[in-house]
Amino acid sequence: MSSDFYTVSILPYSGIIIKICRAYTDSQEDFEDYYQEVCLQIWRSKDQFRGDSKWSTWIYRLSLNICLTLIRKKKKTRQFFNSDAIDHTEEGEENTAFSNENLGLLYEAIKRLSEIDRAVILLYLEEKPNKEIAEIIGTTPNNIAVRVIRIKERLKKILDGKIN
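Numbering-wise (the working numbering), the sequence shown opens with residue 5 and increments by one.
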């Protein structure tokens, strides 16, 4: 991958990629793997971008699809060990993608949603219009509006401790 392509076409959208990868991973190691895989697939697929949508919309859709694919693969080959028992950071090294406690609580609540609801709320939090979210997800803007309301209610219940 050329550094020019990364600097111009991926780096400005790294926030999008980070948010999606973080919502679908439980550890820094998985996060880094997902992020790297998304960047690689963007580079591999760049010639398939037809311009039917904005580049950022395409990045969202591609990132989401890659993360969902990786989750499905991981479920098929799930290893039964407790990744929380492994410390993936050196002493004094801050785990930047998982550092803010309140943000961490929100991501933990988001991880309890279905895969599609996670995608919808992440796009909503990114302040994407319902039309663009619908385009990325493959549904209607009205469906997105209803889903967002229901997702917000569910997240509030999860964060208030009313749902286990």
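Beta carbons: idealized from backbone N, C-alpha and C, even for Gly.
Per the contact definition of three or more C-beta pairs closer than 8 Å, is the segment 150–164 in contact with the segment 68–81? no
Within its chain, find whatever has a CB closer than 6 Å to the CB of Q45; leave out the 5 residues flanking it on each side and keep chain order. I70
Around the Cβ of L66, are there at least 16 other Cβ atoms within 10 angstroms (buried) or fewer (exposed)? buried
Going by C-alpha distance, which of D164, G142, I63 is nearest I120? G142
Given that a residue counts as buried once 16 or more other Cβ atoms are within 10 Å of its Cβ, and exposed if not, what is R122? buried
Should I140 and T61 be called a contact, given that it needs their Cβ atoms to be closer than 8 Å? yes
Neighbourhood of K23 by C-beta distance below 6 Å, restricted to the same chain and skipping five residues each side: L126
Taking just the CA atoms, how far does L110 sit from S118? 15 Å
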